[in-house]
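Here's the structure, in C-alpha cells; my notes come after.
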C-alpha cells in the first residue's frame, strides 16, 4: 500500500492535526503525479508534431527545456487545486488558481504557452480527485468524472461559451471553425479522457505492451477523436482532417501492436512538422489520461 492508499483509507476519527497532515500528504502526492504525467507526455517519442526531448516538433519557439521550466513552475498549483477540491471550492476559486498558475508558467517560459490547456484539464481533474478524497470515496475513473460534472459542470458549461474579445488562439479556432475545445471537454467531464484515451492505454497494457507504447496508442486514439483547436489554429480545416485521417489510419492498423508502428508514427511526425501541425490539445489530454490512470491503479 503506497502513501496515496494510506491517506484514502485513513480513519475519520484521527486528530485534526493528523487529518491536516494527511491532507497535505495527499495533495503533495497528487501534485507529483500530475507533474510526472506531463513529464511522461513530454518525453514520449515519436509524437507527431509535438515537442519532445528528441526534437522541437512543429515549434520554433519552444524546446523541452521550456517545458521543464513550465513544469517546475506548476508544481504548487496542482497541490493547491487538489486542496481546493477537498474544500469544495466554487468554480471561480479554481479559475483564479488556474489564472495564477498560467501567470507563473508565462514568467517561467518568457511568455511562451507550454501548458495552458494542461493547467485547465489536469487542474480540474485534480480538484475532482480532491473531492473524492473529501467524501471518502474510492478513486475510480467513473467517480472522478461524475464528481467533476456534479460539482462544477454547470459553471464549466457557462465557461465554455467563448467570446471574441481577448480570446486565446484555441478560442479563436472555436469561433472560426466551431471546433470543440478544452472548455467544452471540461463541461462534459472530459469524455475524451475517460472514454477514449484511458481505455486505449489500458487495452494496450492488458495486451502486454509497455507503458510507452500504451501512451502512444492513447495519443493516437485522442488525435483520431477530438476536434483539436491547436490544429485548427495552425492548419485550419484541412490540417484538422490530415491529423484525424493519419491518426485513424494508425489506429486501424493496430496501433503499436503492428510490427512497423514506430516507422509509421515517425512518418506522421515528419509530415506534421512539414505542415507545421501540432496536436497540443491531444497532448494535454494524454497528460490527463496518465494522471487518471496512475491515481486509479492499485
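Residue numbers (the numbering used here): -18 to 279. C-beta atoms are modelled at their ideal positions from N, C-alpha and C, and glycine is treated no differently.
| Query | Result |
| --- | --- |
| Cβ-based neighbour list, residue 51, same chain, cut-off 7 Å, excluding 5 preceding and 5 following | 86, 89, 90, 95 and 96 |
| Distance CB(residue 200)-CB(residue 28) smaller than 9 Å | yes |
| Local Cβ density within 10 Å of residue 207, reported as buried at 16 or more and exposed below that | buried |
| Short Cβ contact (9 Å threshold) for residue 103 with residue 21 | no |
| Exposure label - residue 166; buried when at least 16 CB within 10 Å | buried |
| Rounded separation between residue 68 and residue 107 - CA only | 12 Å |
| Through-space distance from residue 202 to residue 131, alpha-carbon basis | 27 Å |
| Length of the line joining the Cα atoms of residue 78 and residue 70 | 11 Å |
| Rounded straight-line distance, which links the Cα of residue 2 to that of residue 34 | 37 Å |
| CB of residue 12 within 9 Å of CB of residue 60, strictly | yes |
| Same chain, Cβ closer than 6 Å to residue 265, neighbours up to 5 away in sequence not counted | 98, 99 and 102 |
| Residue from 244, 267, 53 and 62 with nearest C-alpha to residue 110 | 62 |
| Spatially closest choice to residue 258 from 93, 204 and 269, by CA coordinates | 204 |
| Residue range of the alpha helix (DSSP H) that includes residue 121 | Unbroken run through residue 121: none, as it is neither H nor E. |
| Inter-residue spacing [alpha-carbon to alpha-carbon] between residue 93 and residue 18 | 20 Å |
| C-alpha gap between residue 220 and residue 174, whole angstroms | 23 Å |
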